[in-house]
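Structure, as structure tokens:
Numbering (full-length UniProt numbering), first residue to last: 1 to 74.
Below, the structure written as structure tokens:
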């Protein structure tokens, strides 16, 4: 049980570091963790990334709008 809690805590911290970072929106581990999060957390994560990188780069996988891969999800 302690191992499961530790793994969830480490993964959660790693995901949070990814979505709040200001250096690399294309971190492969962060993108993978983002895809495993529940929908509300994925949306919040994409909004954080958009806030940090919205005008600077294309959205990473999972944060693109449904109609265009070059636009951020709203």
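Ideal placement from N, C-alpha and C gives every residue a C-beta, glycine not left out.
Assign residue i to one of three DSSP states: helix, strand, or coil.
| i | result |
| --- | --- |
| residue 13 | helix |
| residue 48 | helix |
| residue 34 | helix |
Can you tell me whether residue i is buried or exposed? The criterion is at least 16 other CB atoms within 10 Å of its CB, across all chains shown.
| i | result |
| --- | --- |
| residue 69 | exposed |
| residue 72 | buried |
| residue 53 | buried |
| residue 12 | exposed |
| residue 44 | exposed |
| residue 40 | exposed |
So, for residue i: in the same chain, excluding its five sequence neighbours on each side, which residues have a beta-carbon less than 7 Å away from its beta-carbon?
| i | result |
| --- | --- |
| residue 35 | 62 |
With C-beta atoms as the reference, is residue i less than 8 Å away from residue j?
| i | j | result |
| --- | --- | --- |
| residue 20 | residue 48 | yes |
| residue 59 | residue 31 | no |
| residue 1 | residue 15 | no |
Sorted by chain position, which residues of the same chain lie with C-beta nearer than 6 Å to residue i's C-beta, five sequence neighbours on each side aside?
| i | result |
| --- | --- |
| residue 18 | 27 and 30 |
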